[in-house]
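Residue 153 in the UniProt record's numbering sits at position 153 of the sequence shown; the count goes up by one each step and never skips.
Working notes for the structure below.
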Amino acid sequence: MDDLSMVPTVKLESEMGDKLVVSKGKKAACEEPIKLPEEPSPNGNTAFAWSTVKLESSDGEQFVVSRDAAFMSGVVKSFVKDADESAMDEPIKISNVTGPILAKVLEYCKMHAEKPPSSSSSSSSSDVYVYDYETEKWKETLSRWDREYCKMDQETLIDVVLAANYMDVRDLLVETTKAVADQFKGKSPEEIREQFGIVNDYSPEDEARARQEVSWAFDHFVPDSCKKAGGNASGK
């Protein structure tokens, strides 16, 4: 079709398979999506030409994952985009992350890189929002999976937090830091120190002063059981 100006609805598809329907609210006139060329990287190579990416942990363990899963890491995505083609023959070194922890990070990335099942309503060329049952069901599945994923021992959880931060896997960082924060709920400062191996470097006077300064927090947000375990807001 030479003149697309007469087409009320156009389907576009990127090299990575993402689809977009541009519509004026009328029935689609193009049945097959028009594929857009991939944007070249600054060095002249195609940034996302590889279907898989090889990663290597700090202790030498190697992993081959899909491009979509690897690109959940901002660090990996930036490296691939700027790399020469020859550089992709070697694994990308993730220097601060051990093999077992990198495996946990990639487990999350693989799950979240999966595309949700598409339904007939999702391809509708309407400007009005249509509830997509399959997409919402997939979101619920991911949410349940995330909760189970975060049920790991404390040491591993902290290591995954650090790895997610280092690799710039933002969604994973949010989920794991929330899981750590949940471990603080309903516990006194002393219980938290014991659980996380935190040394109390406050003198009794400093701690009493700090409690007094945030007495409003103790009065409104700290359970009575924790106040008894950690002293009252006045440090008495």
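Even for Gly, the Cβ is constructed at its ideal location relative to N, Cα and C.
Values in this document were obtained by computation on a predicted structure and should not be read as measured data.
inquiry  = Buried or exposed, going by whether 16 or more other CB atoms sit within 10 Å of the CB of V160?
reply    = buried
inquiry  = I'd like the span of the alpha helix (DSSP H) that includes V105, first residue to last.
reply    = G99 to A113
task = Grab me the residues of G44's own chain with a C-beta within less than 7 Å of its C-beta, minus the 5 sequence neighbours each way, in chain order.
result = The predicted position of G44 is uncertain, since its pLDDT is 48 and thus under 50; a value taken from the coordinates is nonetheless stated next. For G44, where only same-chain residues beyond five positions count, there are no Cβ hits under 7 Å.
C-alpha distance - R144 paired with E136, whole-angstrom precision = 13 Å
ask   = Ends of the alpha helix (DSSP H) at Q195?
value = P189 to F196
task = Look up V76 in the DSSP assignment and say whether it is helix, strand or coil.
result = helix
ask   = Near N200, what residues of its chain come up, given a Cβ to Cβ distance below 7 Å and the 5 sequence neighbours on each side ignored?
value = R193
request  = Inspect the beta-carbon positions of D182 and S73 and report whether they are closer than 7 Å.
outcome  = no
request  = With DSSP as the reference, label K54 as helix, strand or coil.
outcome  = strand
query = Hey, how far is the Cα of A69 from the Cα of S203?
reply = 48 Å
message = Going by the DSSP bridge assignment, what does K93 pair with across the sheet?
response = E56
message = Does the CB of L55 have a neighbour CB from chain B at under 7 Å?
response = Annotation note: the requested chain B is absent from the structure, which comprises a single protein chain.
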